[in-house]
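Novice: If you want the numbering used here, it's the position in the sequence shown, counting the first as 1, plus 11.
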Amino acid sequence: MVYQGGYAIGDVLKEHGVTHAVPITDPAAALRDLALGHVDAMVGNLATISHYARQLNLANLRVAGDCGFDDTLSFASRSDEPLLSSILEKALKTITPQERDAIRDEWIKLAPPRFYQQREFWLFLLGGVGVFALVVALLAGWSWTLRRQVALRTAELQQKNDEMTRFLYTVSHDLKSPLVTIKTFLGYLKKDLQRQDAQALEQDMTFITEAANRMTLLLEELLELSRIGRHAAPFREVPLQEVLDGALALVAGALAERRVEVITPREPVILFGDPKRLGELYQNLIDNAVKFMGPQPHPRIDIGWRAEEEKIWLFVRDNGEGIDIAHRDKIFGIFEKLHPDTEGVGMGLAIVKRIVETHGGTITVFSPGPGEGATFSFFLAGTRVPPLPESATDPRRPS
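1. Could you please give the first and the last residue of the uninterrupted beta strand (DSSP E) stretch that includes glutamine 15?
2. Spell out the partners DSSP gives leucine 284 in its beta bridges.
3. If you follow the beta strand (DSSP E) that alanine 267 is part of, which residue opens it and which one closes it?
4. Would you grab the beta carbon distance between proline 286 and valine 249 for me? Rounded to a whole angstrom, and I think it's under 8 angstroms.
5. Could you tell me the boundaries of the beta strand (DSSP E) in which valine 23 lies?
6. How would you label glycine 371, buried or exposed, when you count the other beta carbons within 10 angstroms and need 16 or more for buried?
7. DSSP three-state call for valine 356: helix, strand or coil?
8. Only counting the same chain, and skipping five residues up and downstream in sequence, which positions put a Cβ closer than 8 angstroms to that of proline 34?
9. Using CA atoms only, rank isn't needed, just tell me which of Asp91, Pro276 and Phe246 is closest to aspartate 256.
10. Please state if the CB of isoleucine 362 and the CB of valine 295 are separated by a distance shorter than 7 angstroms.
11. Would you call the region 209 to 223 and the region 192 to 200 touching, i.e. three or more CB-CB distances under 8 angstroms?
12. Measure the C-alpha to C-alpha separation of lysine 322 and threonine 386 and round it to an integer number of angstroms.
13. Assuming tryptophan 316 contacts phenylalanine 390 under a Cβ cut-off of 8 angstroms, what Cβ separation, rounded to an integer in Å, is found between them?
14. Would you give the residue range spanned by the alpha helix (DSSP H) that lysine 104 belongs to?
15. Rounded to the nearest angstrom, what separates serine 378 and phenylalanine 343 at their Cα positions?
16. Out of Tyr63, Arg247, Glu100 and Glu383, state which residue places its alpha-carbon closest to the alpha-carbon of methionine 304.
17. Is aspartate 44 helix, strand or coil by DSSP?
18. Quick one: give me the first and last residue of the beta strand (DSSP E) that leucine 67 is part of.
19. Work out the CA separation of alanine 209 and lysine 202 for me, nearest whole Å.
20. What does a CB cutoff of less than 6 angstroms around threonine 39 pick up in its chain, not counting 5 residues either side in sequence?
21. Under DSSP, the beta strand (DSSP E) around proline 310 begins and ends at which residues?
22. Roughly how many whole angstroms lie between the Cα atoms of glutamine 169 and leucine 163?
23. If we count the other Cβ atoms within 10 Å of its Cβ and call it buried at 16 or more, is threonine 156 buried or exposed?
24. Determine the contact status of valine 396 and glutamate 278, defining contact as a CB-CB distance below 7 angstroms.
25. Output the distance between the C-alpha atoms of threonine 404 and tryptophan 153, rounded to the nearest integer angstrom.
26. Confirm, please, whether the CB-CB distance from leucine 200 to aspartate 215 is below 7 angstroms.
27. Spatial neighbours of alanine 41 within its chain, please: CB distance less than 6 angstroms, with the 5 preceding and 5 following residues excluded, ordered by chain position.
28. Count the other CB atoms within 10 Å of the CB of aspartate 329; is the residue buried (16 or more) or exposed (fewer)?
29. Let me know the secondary structure DSSP gives isoleucine 342 once reduced to three states.
30. Can you tell me whether phenylalanine 132 is helix, strand or coil according to DSSP?
31. Buried or exposed, going by whether 16 or more other CB atoms sit within 10 Å of the CB of leucine 24?
32. What is the rounded straight-line gap between the Cα of threonine 30 and the Cα of alanine 19?
33. Tell me the rounded alpha-carbon separation between leucine 289 and isoleucine 366.
34. For leucine 197 and glutamine 205, I'd like the C-alpha separation in whole angstroms.
35. Using the DSSP secondary-structure output, state which residues sit across from phenylalanine 326 in a beta bridge.
36. Can you confirm whether lysine 171, when its beta carbon is compared against all beta carbons of chain C, has any partner nearer than 7 angstroms?
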């Protein structure tokens with residue numbers, strides 16, 4: 012605490028037991044120290060304090076109270092000028108109490124700081140600016156996210172449009188082929204009827220029947236492809252071994268004919284999806300492996316899984332003919348057949364890809380090269396592997 016030195020206020024403070032107050036001679040410096048928090052309080056003349064507070068623009072000072080010392084302000088004049096004293100007294104008497112209060116408020120009272128000089132105003136303003144900046148940042152982030160989602164949806168839509176274009180082109184091309192055959196041999200049939208050539212008629216009918224059967228098969232495969240994802244049963248958890256048991260039973264004849272050894276995982280892998288479609292997925296992959304096993308003397312198919320980047324990847328690996336790198340990008344297309352002389356219409360792997368995608372996954376194929384087998388790896392959302400019992404050591408078993 013400090014007080015204005017040279018005044019009787021120092022004695023008044025001591026009479027009241029205040030002994031730690033420090034006298035000052037520069038009220039302006041003392042007020043600056045008070046405003047900055049270097050001193051706790053200042054005792055002084057209100058007129059002097061209000062003058063310097065206005066001059067220094069100190070807005071954070073408050074009058075705490077009256078210390079009980081009467082320091083009335085007065086006019087003074089020389090004793091040898093009684094006329095001046097009389098004039099001053101008369102002038103002061105003409106001032107009403109209201110005018111005295113107004114004069115005191117104007118020159119002596121420590122006026123409250125203006126709103127922009129108050130700490131609370133700046134705290135409120137900074138808080139408002141902070142909230143505004145946060146809202147702007149959130150809106151900008153939301154706008155960026157929305158633009159990104161729109162861009163992704165646009166790219167996805169463009170991809171779907173491109174796929175639809177390729178699909179329609181492929182369908183029209185592959186369906187046109189049997190129609191051309193039928194139309195051509197109908198012309199031959201008419202001529203052979205006119206010539207009554209029984210052998211040629213039989214040949215014409217054979218070609219027409221085969222073309223019609225092929226078109227029927229193409230349409231059935233297309234219908235099956237279109238159903239995947241549209242008429243799915245409710246997804247549920249199903250053991251992989253249960254799915255494999257059903258798939259292996261359907262291709263048992265082909266496996267036995269080629270004497271193919273099939274190795275399945277021993278762990279209780281759990282899939283999540285439509286059990287019927289999952290069975291078709293494995294059936295097509297196993298059938299494809301058998302179909303392209305080639306002259307392998309010891310044909311083998313490995314069915315298993317691996318953990319990679321917190322995902323469970325399933326795979327079907329064979330030691331058959333393998334796939335040329337030039338064909339890897341198109342084997343999942345509809346009606347794609349790498350070997351024209353093989354059975355089917357080339358829809359098996361297209362169906363596999365569609366089933367994987369409707370189960371929230373992706374599929375890839377890897378082959379070191381022709382004659383070195385191929386591995387189809389795919390991810391299905393929701394696949395999990397429960398902890399393996401300690402007694403189980405061999406992760407796979409022959410089937």
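Even glycine gets a Cβ: it sits at the ideal position worked out from N, Cα and C.
Specialist: Concretely, from the data shown:
1. 13 to 15
2. The question names leucine, but residue 284 in the sequence shown is glycine. DSSP output for glycine 284 lists Arg247 as bridge partner(s).
3. No beta strand (DSSP E) contains alanine 267, which is instead part of the alpha helix (DSSP H) from 263 to 269.
4. 5 angstroms
5. Not the beta strand (DSSP E): valine 23 falls in the alpha helix (DSSP H), residues 20 to 26.
6. exposed
7. Confidence is the limiting factor: at valine 356 the pLDDT is only 49, short of 50, which leaves the residue's position unreliable, though a coordinate-based value still follows. The answer is coil: DSSP assigns valine 356 none of H, G, I, E or B.
8. Val13, Tyr14, Gln15, Gly16, Gly17 and Gly21
9. Pro276
10. According to the sequence displayed, residue 295 carries asparagine and not valine. Against a cut-off of 7 angstroms, the Cβ pair of isoleucine 362 and asparagine 295 comes out as a contact.
11. yes
12. 18 angstroms
13. With a Cβ gap of about 10 angstroms, tryptophan 316 and phenylalanine 390 do not count as contacting.
14. 93 to 104
15. 15 angstroms
16. Glu383
17. helix
18. Run containing leucine 67: none in the beta strand (DSSP E); it sits in the alpha helix (DSSP H), 57 to 67.
19. 11 angstroms
20. Checking the displayed sequence, the identity of residue 39 turns out to be alanine instead of threonine. Once the five neighbours on either side are set aside, the close Cβ partners of alanine 39 are Tyr63.
21. Counting along the chain, proline 310 falls outside any beta strand (DSSP E), and DSSP gives it neither H nor E.
22. 10 angstroms
23. exposed
24. yes
25. The pLDDT assigned to threonine 404 is 45, lower than 50, so where the model puts this residue is not dependable, and the model offers no usable value.
26. yes
27. Val13, Ile35 and Met53
28. buried
29. coil
30. helix
31. buried
32. 14 angstroms
33. 7 angstroms
34. 13 angstroms
35. Gly315 and Ser388
36. Note that chain C does not occur in the displayed structure, where there is just one protein chain.
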